[in-house]
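Quick note: the sequence shown uses the UniProt record's numbering, first residue 1, plus one each step.
Just so you know, even glycine gets a beta-carbon here, dropped at the ideal spot from N, CA and C.
Only a predicted model underlies this, so the values are computations on that prediction, with no experimental measurement involved.
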Amino acid sequence: MDPSSRKRGYVNYPEPLKGPDVPYQDDRKSNPAIRGWILVICAYIMEYVGFIRRTVWKNAGFATLRNIRPQIEDYEPFFEPAIVPLPDAVEPTDKPLDLTLPSSLPPPPAERYPASRYYSSNDYHELYLSGKLTPTAVAEALLPLIRRNQGQKGPYSIGWFDTKEDLVLRAAEASTLRYRKKQSLGPLDGVPTAVKDEYDMEGYMSCLGSVNDYTGSFLEDGTYTTWCVRKLEEAGCIILGKLHMVEFGLDTPGNNINHGTPPNPYNERYYTGGSSSGAGYAVASGLIPFALGSDGGGSVRIPASFCSVYGLKPTHGRISFKPGQNHCITCACLGPLAADVRTLATAYSVIGQPHPTSAFPPVPPPSVLLDRQRPTLPSSLSAPSSPRVLGIPNVWIAQAVPAVQELCNTFIESLVRDHGYTTVPIEIPLLVEGQNAHALTVLTDAATLLPEYGNLTPTTRILLSLGRTTPATDYLLAQKLRRALVQHLSYLWHKHPGMIIMTPTTSCAGWPVRSPSEYSYGVSDGDTTIRSMEYVWLANFCGLPSISIPAGYVVPEGQPGAGNIAGANVSGKVPVGIMATGEWATEADLLRFGMDAESVSAERRARPSIWYDVVASAKPKSAITI
């Protein structure tokens with residue numbers, strides 16, 4: 001394909017240029033994990049002793065960009081990966097959004113595997129239409145479980161930052177009345193969901209995981225509610241409040257000493273992953289079929305992987321933060337986590353409706369997103385059906401622990417054998433340096449956003465102190481490397497149109513809690529953070545869409561066979577995810593791939609022991625509210 005024709009389908013599409021030919025080399029130094037009261041002392045030292053701060057900054061690998069300066073100095077800096085598809089006739093712009101799933105879809109694969117069966121958003125909708133269930137009954141069944149009032153905390157309240165029962169019941173009763181009058185708003189009407197404490201929502205405080213009040217001050221149409229949350233409200237969703245997150249989303253375990261740390265639903269001695277920790281917990285526990293998170297460095301996909309659910313990080317800029325601000329405009333975006341791919345696609349269709357100021361065209365409805373016979377990019381660039389080509393960066397995948405590698409390799413083999421995919425080996429240069437550049441960028445951005453840090457947690461203060469240490473020249477080198485990477489990726493997609501890049505979601509199998517003191521003081525474990533972000537950073541730094549899919553489980557630490565692939569009867573097994581990353585604006589390709597991958601995943605997946613049957617609990621109440 002002529003590169004110029006591809007550029008004509010996008011605004012800001014990168015030149016397809018092969019990157020520097022540099023062999024993979026990981027010579028990163030180990031950083032000691034810090035926890036307990038020592039963490040408080042270290043935070044103070046990092047803030048006030050400059051030479052120690054600079055030493056830690058170098059030991060973290062941030063100075064390595066200087067070593068590759070000859071390879072990247074001639075690239076122009078690329079500060080925000082805003083690569084936008086132009087509108088096309090296949091993407092409706094003036095019709096009401098139809099969320100109906102295509103009738104041609106096969107039955108959900110989980111129906112053949114009861115142990116992996118979650119309730120989808122469509123399950124709720126069909127039960128409401130039949131009269132067997134009501135939104136009010138669902139809300140009344142859920143509220144006691146997530147209630148956070150002193151002395152009345154529900155058994156699942158640890159995942160929630162806040163819930164306003166009056167607002168929840170009001171939305172549920174309105175939805176129940178619509179169904180009673182045969183006036184449903186569509187497939188998400190009455191479906192329970194919740195949002196991360198990064199979204200603004202009328203009636204709720206926004207703290208971003210901290211003890212501070214960052215509630216939005218910008219109004220639009222008389223409200224500060226985030227645009228995509230308004231879209232969910234307009235679709236009739238019952239929003240059950242706000243979910244926990246890591247403070248400012250700056251680390252990946254899911255730890256929060258301010259408001260509570262949700263345990264991993266599969267093993268309470270492990271973290272959920274973060275920073276969208278509450279979202280991963282709530283979906284995996286079965287309480288809601290989907291939740292909204294955000295992703296600046298894997299914060300949707302890491303908890304999706306650690307909690308064995310699905311997570312979609314859309315193309316950079318696709319989902320609007322308006323009227324609020326994107327607190328990490330260079331790398332972060334909003335996205336959903338869901339119990340199944342159909343629900344993921346439905347939620348994405350709703351929240352992807354563009355803000356009036358957005359340059360993006362509307363996200364197609366599920367009937368288009370999940371239909372392989374429909375183009376996914378502007379028609380001049382797309383074949384009639386989605387290609388089935390998987391790019392395999394073997395050297396990169398080899399950085400994962402053996403059990404994670406095996407789960408992902410056998411997953412890919414199943415896709416090739418049973419679903420007609422082919423694989424091609426690919427190479428991506430400067431991966432270690434790229435991960436360092438991404439972390440340097442995020443922390444430096446955060447340091448400029450949060451100049452006051454006195455009442456923040458020790459872990460956050462250490463990370464912000466590193467961000468304040470970055471020289472401007474190193475920051476610019478990171479953005480030059482970003483340009484080199486996006487141009488190399490453009491080169492790969494010019495060579496292999498429609499290719500999906502396959503990796504594990506994380507190179508580690510979960511993140512264990514090493515000490516109870518972590519719940520009180522926090523934890524700073526740079527090595528595990530790096531392993532958890534080994535693969536996810538690329539999509540953030542380069543603006544790509546990416547999806548995490550459940551791939552299997554590993555035996556947890558402390559049990560016989562720890563670190564090996566877990567069988568069906570292993571208790572406390574640790575979830576592992578596989579990740580697919582696509583070209584800019586090819587979320588539809590990823591969701592269609594997800595439909596195939598879901599059939600592989602269903603054979604391996606199992607619900608956690610704390611999974612809650614919301615429908616069974618709500619049905620007796622429905623007889624009263626109908």
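- Counting only runs that start and end inside the stretch 419 to 487, the alpha helix (DSSP H) elements of at least 4 residues fall at 431 to 449 and 458 to 467.
- Under the DSSP definition of a beta bridge, Ala602 lacks any partner.
- Taking C-beta atoms as the reference points, His438 and Cys331 count as a pair closer than 8 Å.
- If you ignore the 5 residues before and after Trp537, its C-beta comes within less than 6 Å of the C-beta of Gly297, Gln435 and His438, all in its own chain and listed in chain order.
- Along the length of the stretch 537 to 593, whole alpha helix (DSSP H) runs at least 4 residues long occupy 537 to 542, reported in chain order.
- For Ile83, the three-state secondary structure derived from DSSP is coil.
- C-alpha of Ile428 to C-alpha of Ile500: approximately 14 Å in a straight line.
- Apart from sequence neighbours up to five positions away, the residues of its chain that approach Asp26 with a beta-carbon distance below 8 Å are Gln399 and Val432, ordered along the chain.
- Note: Arg35 is bridge-paired with Val523 in the DSSP secondary-structure output.
- Val191 and Ser120 have their alpha carbons spaced roughly 9 Å apart.
- In the structure shown, the three-state DSSP call for Pro303 is helix.
- Taking C-alpha positions only, Ser532 is separated from Arg178 by approximately 44 Å.
- Annotation: the continuous alpha helix (DSSP H) that includes Asp166 extends over Glu165 to Arg180.
- Here Lys132 carries a coil assignment [DSSP, helix/strand/coil].
- If you draw a straight line from the Cα of His419 to the Cα of Glu73, it comes to about 43 Å.
- Going by beta carbons, Ile549 and Ala616 fall outside the 8 Å limit.
- Distance from the CA of Pro14 to the CA of Asp371, rounded to the nearest whole angstrom, comes to 28 Å.
- For Gly50, the uninterrupted alpha helix (DSSP H) run begins and ends at Gly50 to Asn59, by DSSP.
- Of all alpha-carbon atoms in Leu167, Ser276, Tyr48 and Gly241, the one lying nearest the alpha-carbon of Thr252 is that of Ser276.
- For Cys333, the secondary structure class from DSSP, reduced to helix, strand or coil, is strand.
- CA-CA distance, Ile397 to Glu140, rounds to 46 Å.
- The C-alpha of Asp589 is placed about 11 Å away from the C-alpha of Val389.
- Nearest Cα to Val424 within the set Leu407, Ile392, Thr448 and Arg417: Ile392.
- The Cβ neighbour count for Arg69, taken over all protein chains shown within 10 Å, is under 16; the residue is labelled exposed.
- Less than 8 Å separates the beta-carbon of Thr343 from that of Phe290.
- With fewer than 16 other CB atoms across the displayed protein chains lying within 10 angstroms of its CB, Ser103 is exposed.
- Of the candidates Pro314, Arg28, Glu220 and Pro356, Pro314 places its Cα closest to the Cα of Pro545.
- By the criterion of a C-beta distance shorter than 8 Å, Pro366 is surrounded in its chain by Leu99, Thr100, Leu101, Pro102, Arg342, Ala345, Thr346 and Ser349, once the five residues flanking it on both sides are discounted.
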